[in-house]
Amino acid sequence: MIFRVFLLLFLSTEFSVLAHRILILSQIATYSHTNFIKPVVKGLVERGHFVTYWNGLLSENQATDFLNQTTNLRLLYSPEVHAISSGNIIDFSVRKKPNNFIFGLPKRMEKYCETIYRDPVFHQLMDSQEKYDLIILEAALNECSLPLVYKFDLPFIYIMGSMPLPWHLEAIGSPLAFDHYPQISSNYADEMNFWQRTYNTLSGIVAIYYWRWMVLPVIDRLAAEMLQIENLPTIEEIEKHYLNLLILNTNMGLNYQMATTPVVIQAGGINLGPAKPLPDDLETFVNGSGDAGCIIVSFGTYIKNSEIPDDVRRIFLSTFARLPQRILWKWEDDKKIGHRESIPSNVKLMSWLPQADLLGHPKMCLFITHGGVNSIQEAVYHNIPLIILPVLVDQPL
């Protein structure tokens, strides 16, 4: 009897004894990258780990979006960081000059870091006496948070919601594969001629040194001025000393491949799953398409759809008017789409779409998209054909 009691107590406590305290930081966030991180947060919480999660797009009362009634998930919320992440939108016209996005990174990072370094939640973490076992950091544009890694003196993991950026591969010591892996500033495939490989290699090297010499010094200067931490290493030094793993939202079946070290993990598809039922109004609209079916048009959450050039918008509208299918178009501001053109009766504008659930609906027959990683994965998962208009960064790839 005593043995049974002891065994029961042991089994009931073993799980919590093995639990770890994990800090996950994604202050500068996009909805697509957040959708990739959510399964990681949920998986850690379900396995009993104690997770503190700061996502710039989520407020404290959104904990139920992850799990119902949990005591081991704490969401941190800041109105200022929420405002800057919510406004983190790219104009559609950037597709004509993709390098403008790269060359605009110093000013963009300056704005992000100033906001974070002034934020009470950031200073609460800096002054905290809490103990953590691991830090997971959203890799895209969140390098401002690396002083927290130094403060807690912990190994950290980069989690990237898209393809790897060359400076992240260089930081973790993984091969750069410039000879066959297309860089973000090129429109090449993985089979390149000599001159294309030369350009691809040079653009990759320029990107790394531009990041190292033009972007990181901005963060170093602001960290030194605003945080005033004695003997604070540079961001590059913190990254190279504490970075232990790089998790990518890529998949061997969909993305161009390259040789990597074992510390680079491809986890693309962890956010995929069966479609959930649609809201009643959407279900009625989609089912009303009959045998013709329904088309989704969405350029993601990071691109301002309402700034699509007039000529492109007119082509879309005139083409949709001639189609038998019904069209669901993600459009932020229906006041900007008219410009004297009438919206066809088969087109429904919505500021937000449950994209993954719509793609899983049997009436869906086509997806017109910017080609973001999540969009392609969801379309392939649900076997939906694609028309892609790439805009920036990973989308041409």
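If you count by mature numbering (1 follows the signal peptide of the UniProt record, and there is no 0), then the sequence shown holds residues -19 to -1, 1 to 378, one letter each, in order. Beta carbons: idealized from backbone N, C-alpha and C, even for Gly. In this text, all values refer to a predicted model and were calculated from it rather than measured experimentally.
Bridge-paired residues (DSSP) for residue i
| i | result |
| --- | --- |
| Cys275 | Arg307, Met345 |
| Met331 | Lys311 |
| Trp35 | Leu6, Leu57 |
| Gln247 | Leu229 |
| Thr350 | Ser279, Ile369 |
| Leu115 | Ile3 |
| Ile138 | Ile117, Leu226 |
CA-to-CA distance, residue j to residue i, given in whole angstroms
| i | j | result |
| --- | --- | --- |
| Leu(-2) | Ile349 | 46 angstroms |
| Ala44 | Thr241 | In this prediction, Ala44 scores a pLDDT of 49, lower than 50, which makes its location untrustworthy; the coordinate-derived value is nonetheless stated afterwards. For Ala44 and Thr241, the distance between alpha carbons rounds to 35 angstroms. |
| Asp100 | Asn327 | 46 angstroms |
| Leu227 | Leu122 | 15 angstroms |
| His63 | Leu197 | 23 angstroms |
| Ile165 | Tyr190 | 15 angstroms |
| Phe31 | Gly234 | 33 angstroms |
| Glu211 | Asp134 | 14 angstroms |
| Gly29 | Thr52 | 10 angstroms |
| Ser7 | Ser59 | 12 angstroms |
| Gly353 | Ala10 | 15 angstroms |
| Ser356 | Gly249 | 12 angstroms |
| Ile83 | Asn230 | 21 angstroms |
| Leu367 | Glu359 | 11 angstroms |
| Leu203 | Ile365 | 46 angstroms |
| residue 381 | Phe159 | Because the chain is modelled from -19 through 378, residue 381 falls outside the range shown and cannot be assessed. |
| Ser184 | Asp261 | 49 angstroms |
| Pro371 | Ile289 | 13 angstroms |
| Pro255 | Lys344 | 15 angstroms |
| Asn174 | Tyr237 | 16 angstroms |
| Asn268 | Ser279 | 19 angstroms |
| Gly341 | Pro325 | 25 angstroms |
| Leu39 | Trp333 | 16 angstroms |
| Pro305 | Glu172 | 39 angstroms |
| Leu157 | His222 | 19 angstroms |
| Lys112 | Ile186 | 38 angstroms |
| His351 | Ile369 | 5 angstroms |
| Val26 | Asp292 | 48 angstroms |
| Leu56 | Thr265 | 36 angstroms |
Buried versus exposed, by CB contacts within 10 Å (16 or more), residue i
| i | result |
| --- | --- |
| Lys257 | exposed |
| Asn36 | buried |
| Gly142 | buried |
| Trp148 | buried |
| Leu17 | Residue 17 is actually Phe in this sequence, not Leu. By the 10 Å Cβ count, Phe17 comes out buried. |
| Thr33 | buried |
| Ser13 | buried |
| Val294 | Checking the sequence, you will find Arg at residue 294 rather than Val. With 16 or more other Cβ atoms within 10 Å, it is buried. |
| Gly281 | buried |
| Ala170 | exposed |
| Gln209 | exposed |
| Lys311 | buried |
| Asn252 | buried |
| Gln336 | buried |
| Arg303 | exposed |
| His363 | buried |
| residue 382 | What is shown of the chain runs -19 to 378, which leaves residue 382 out entirely. |
| Ile246 | exposed |
Element boundaries [beta strand (DSSP E), containing residue i]
| i | result |
| --- | --- |
| Leu224 | 224 to 229 |
| Tyr191 | It is not in any beta strand (DSSP E) - Tyr191 instead sits in the alpha helix (DSSP H) that spans 175 to 191. |
Rounded Cβ spacing between residue i and residue j (contact assumed at less than 8 angstroms)
| i | j | result |
| --- | --- | --- |
| Glu119 | Ile140 | 6 angstroms |
| Ile117 | Val244 | With 8 angstroms as the limit, Ile117 and Val244 do not qualify as a contact, their Cβ atoms being about 14 angstroms apart. |
| Leu127 | Ile216 | 5 angstroms |
| Ile219 | Met90 | About 15 angstroms separates the two Cβ atoms, so there is no contact after all. |
| Tyr131 | Met207 | That pair is no contact at about 15 angstroms. |
| Ile277 | Leu330 | At roughly 12 angstroms, the Cβ-Cβ gap does not stay under 8 angstroms, so Ile277 and Leu330 are not in contact. |
| Met239 | Tyr162 | 4 angstroms |
Boundaries (first-last residue) of the alpha helix (DSSP H) holding residue i
| i | result |
| --- | --- |
| Ala205 | 197 to 208 |
| residue 379 | In the structure displayed, the chain extends from -19 to 378; residue 379 sits before or after that span and is not available. |
| Gln105 | 101 to 108 |
| Pro147 | 147 to 153 |
| Glu264 | 261 to 268 |
| Leu253 | Element bounds for Leu253: n/a, residue is neither H nor E. |
| Ile296 | 291 to 302 |
| residue 446 | Coverage of the chain is limited to positions -19 through 378, which leaves residue 446 absent and any answer about it impossible. |
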